[in-house]
Amino acid sequence: MRKIVAILLFLALSPLAFAQEQEVKIEADWGTLYGSLAVPDEGASTAVVVVAGSGPTDRNGNSSLQLNTYAYKMLSDALVDAGYAVLRYDKRAIGMSYAPREVVLSAVFSDFVDDAALCVDYLHDVGYDKVVVAGHSEGGEIALYLALRDDVAIDGIVLLSAAGYKMETILMRQLSAQLMPSYMGLMISATDIIQRLKRGEDVAEDRIPKELVSLFHPSVQPFLRSNLTTDPAELIAKVDVPTLIISGGRDIQVSVDNAERLLASAQNARHISFENMSHVLKDSTTDDRVEQLLTVYTNSQLPLTEGLADAIVEFLKTI
Numbered sequence: 365m366r367k368i369v370a371i372l373l374f375l376a377l378s379p380l381a382f383a384q385e386q387e388v389k390i391e392a393d394w395g396t397l398y399g400s401l402a403v404p405d406e407g408a409s410t411a412v413v414v415v416a417g418s419g420p421t422d423r424n425g426n427s428s429l430q431l432n433t434y435a436y437k438m439l440s441d442a443l444v445d446a447g448y449a450v451l452r453y454d455k456r457a458i459g460m461s462y463a464p465r466e467v468v469l470s471a472v473f474s475d476f477v478d479d480a481a482l483c484v485d486y487l488h489d490v491g492y493d494k495v496v497v498a499g500h501s502e503g504g505e506i507a508l509y510l511a512l513r514d515d516v517a518i519d520g521i522v523l524l525s526a527a528g529y530k531m532e533t534i535l536m537r538q539l540s541a542q543l544m545p546s547y548m549g550l551m552i553s554a555t556d557i558i559q560r561l562k563r564g565e566d567v568a569e570d571r572i573p574k575e576l577v578s579l580f581h582p583s584v585q586p587f588l589r590s591n592l593t594t595d596p597a598e599l600i601a602k603v604d605v606p607t608l609i610i611s612g613g614r615d616i617q618v619s620v621d622n623a624e625r626l627l628a629s630a631q632n633a634r635h636i637s638f639e640n641m642s643h644v645l646k647d648s649t650t651d652d653r654v655e656q657l658l659t660v661y662t663n664s665q666l667p668l669t670e671g672l673a674d675a676i677v678e679f680l681k682t683i
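Take the sequence shown: its position 121, counted from the start at 1, is 485 in this note's numbering, and no numbers get skipped.
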């Protein structure tokens, strides 16, 4: 499982960067994961793996879907400044982590868990005593799965705006918020597609309304089917490593009650909620979905929510 091929040093060129980073390449059976390892000048004994959220979100917290936050890069810099090493990586088929078409079309949720496990193994192999996984949104569920694997050694997890309900429930909530009541027909179509995927069926592209194709395209249906009914609350109930759950009061994608549901099922967790934090880990002045998308999700200059990095650092000190 540990297939590390190279580490190439470079100084990050982003205008937001201040920490020296190493470009890392980690070999998997499908191809290569590319990432950035940022290390304090004085070194570190504990490293954090940042696992990105869903869709084409890269190691920095940006994507081709008009997401431009640099949130993961900002979080990395803050943690490095506090004395911790941080590995951010492009998930398979995202950013520099190119994957062949057949790999993309067959990818299921467990494949992304396997890739994250390679990153944890890599950090142990290069000498870090302790490794903590910080998963954002969908990455939070990946962190939960890692914490339950006997072949992966992690010392704690941080769940950032992570779902506490099944993906089916989250999708239905998000679609309802966007489509109801004006687009009842699309809501009915989406509900039918989700039910068919739950039954293990394929849904042809020509049977998907064009407004929903990006969400239910046949290329992502294997992934959706593999995780639609997994309950994160059932997963966290089995996790025994220290866990920090962080939520935002202005999160338009994953509401605070998700974190509360996780906490209620957890063995060894604490929950911190930031009143004005949005889903992308930055404060918003509004709960309006469209306004947030235009003013927060696309603004790389906004800082992280005040106190977010400090809360994670305090948690890391207990590991």
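Every residue, glycine too, gets a C-beta built ideally from N, C-alpha and C. Just so it is clear, the structure is predicted and the values come from calculations on it, not from any experiment.
> Hey, out of Ser474, Gly447 and Val660, whose CA is closest to lysine 646's CA?
Replying inline: Val660
>> Am I right that valine 686 and glycine 503 are in contact with their C-beta atoms under 8 Å? What's the rounded C-beta distance?
In response: Here the chain comprises residues numbered 365 to 683, so residue 686 is not present and cannot be evaluated.
> Just to confirm, are isoleucine 347 and proline 404 a CB contact at a threshold of 8 Å?
Replying inline: Because the chain in this structure spans residues 365 to 683, residue 347 falls outside the shown range and cannot be described.
> Just to confirm, are tyrosine 448 and alanine 411 a CB contact at a threshold of 8 Å?
Replying inline: yes
>> Going by DSSP, what residue range makes up the alpha helix (DSSP H) through glutamate 678?
In response: Looking at the DSSP string, the run of the alpha helix (DSSP H) that includes glutamate 678 is 672-681.
> Buried or exposed: where does glutamine 617 fall if 16 or more other Cβ atoms within 10 Å of its Cβ makes it buried?
Replying inline: buried
> From Ala675, Met544 and Val654, pick the residue whose C-alpha is nearest to that of isoleucine 687; which is it?
Replying inline: In the structure displayed, the chain extends from 365 to 683; residue 687 sits before or after that span and is not available.
> Could you check where the alpha helix (DSSP H) with alanine 511 kicks off and where it finishes?
Replying inline: Annotation: the continuous alpha helix (DSSP H) that includes alanine 511 extends over 502-511.
> Looking only at C-alpha atoms, which of Val484, Val450, Ile521 and His500 sits nearest to alanine 630?
Replying inline: Ile521
> Among residues of its own chain, excluding the 5 on either side of leucine 668, which ones have a beta-carbon nearer than 8 Å to its beta-carbon?
Replying inline: Ala435, Met438, Leu439, Ala442, Leu645 and Lys646
> Under 8 Å between the Cβ atoms of arginine 452 and asparagine 424?
Replying inline: yes
>> Give me the DSSP bridge partner(s) of lysine 494.
In response: Thr410
> If you draw a straight line from the alpha carbon of arginine 614 to that of glutamate 639, how long is it in whole angstroms?
Replying inline: 7 Å
> Nearest CA to the CA of serine 583: which residue from Ala568, Asp595 and Leu401?
Replying inline: Ala568
> Can valine 467 and isoleucine 506 be called in contact, C-beta distance under 8 Å?
Replying inline: At the C-beta level, valine 467 and isoleucine 506 stay beyond 8 Å of one another.
>> Quick check on DSSP: helix, strand or coil for leucine 539?
In response: helix
>> Tell me which residues share the same chain as phenylalanine 679 and place their Cβ nearer than 6 Å to its Cβ, disregarding the 5 neighbours each side in the sequence.
In response: Around phenylalanine 679: Leu608.
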